[in-house]
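Residues in the sequence shown are numbered consecutively from 0, following numbering that gives the first Met the number 0.
Built from N, CA and C at the ideal position, the CB exists for glycine as well.
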Amino acid sequence: MGGMKARPAGRSPDLEGRFRDRSVARDLQTLADMIEIWCEGHHADRERSPLQSEAAGLGVYRRRGRLCEECAGHLGYAEKRRALCPKDPKPFCAHCEIRCYRREEAAWQRQVMRYSGPRSMWRGHFLDGLWHMLATFRHRRRRSRGQSDKPAGLAGETDRGVLGQTPQ
0 MGGMKARPAG
10 RSPDLEGRFR
20 DRSVARDLQT
30 LADMIEIWCE
40 GHHADRERSP
50 LQSEAAGLGV
60 YRRRGRLCEE
70 CAGHLGYAEK
80 RRALCPKDPK
90 PFCAHCEIRC
100 YRREEAAWQR
110 QVMRYSGPRS
120 MWRGHFLDGL
130 WHMLATFRHR
140 RRRSRGQSDK
150 PAGLAGETDR
160 GVLGQTPQ
């Protein structure tokens, strides 16, 4: 048809729109940077190539890091999970009652963040790291007081069934 571009097979217009959201794109860039730090530190002996993923194909990343095949696979999974997150505003996954990630992926992601977080402070993410530490402190303080992170109208509600998964 006339001037319409064909969409690559398998790409949903909803997912494509979510990748273009500024908040999602910013989170994905940070996530890609963290995974790149992990990959450089743990997979230096592997062949790493420029990132090729759905989000990268849409121009989400301001710069494309170099990842090994394994890390690129993990990032591809995380891209979809982040784009489909039902929370707005989105909390840190560690503070969220919804469990969107498979257990193995969540465990891998925690390892990446523990390793990359402190190193990212010296690689252009100092303010992001500071903001993260403050938000974590606020979250822990609220929890210790028994307060919910949910907006007042949602306190007490559960999010079962979101993304086809129940909290674990």
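For V111, the enclosing alpha helix (DSSP H) stretches over residues R102 to S119.
Judged by DSSP secondary structure, F125 falls within the alpha helix (DSSP H) whose first and last residues are F125 to S143. Per DSSP, reduced to three states, the secondary structure at R45 is coil, with no helix or strand assignment. Annotation: the continuous alpha helix (DSSP H) that includes H73 extends over E68 to A82.
Between G123 and the set I36, D20, R21 and F18, the nearest pair of CA atoms involves I36. Cβ contact annotation for I34 (same chain, cutoff 7 Å, sequence separation greater than five): L66, C70, H73, L74 and V111, in chain order. Note on E78: 16 or more other CB atoms within 10 angstroms of its CB, so buried under the neighbour-count rule. When C-beta atoms of the segment 15–29 are compared with those of the segment 76–90, three or more pairs fall below 8 Å, so the two segments count as touching.
The criterion of a C-beta distance shorter than 8 Å is satisfied by Y60 and A31.
H94 and H42 do not touch by the CB rule: their CB atoms are close to 29 Å apart, not below 8 Å.
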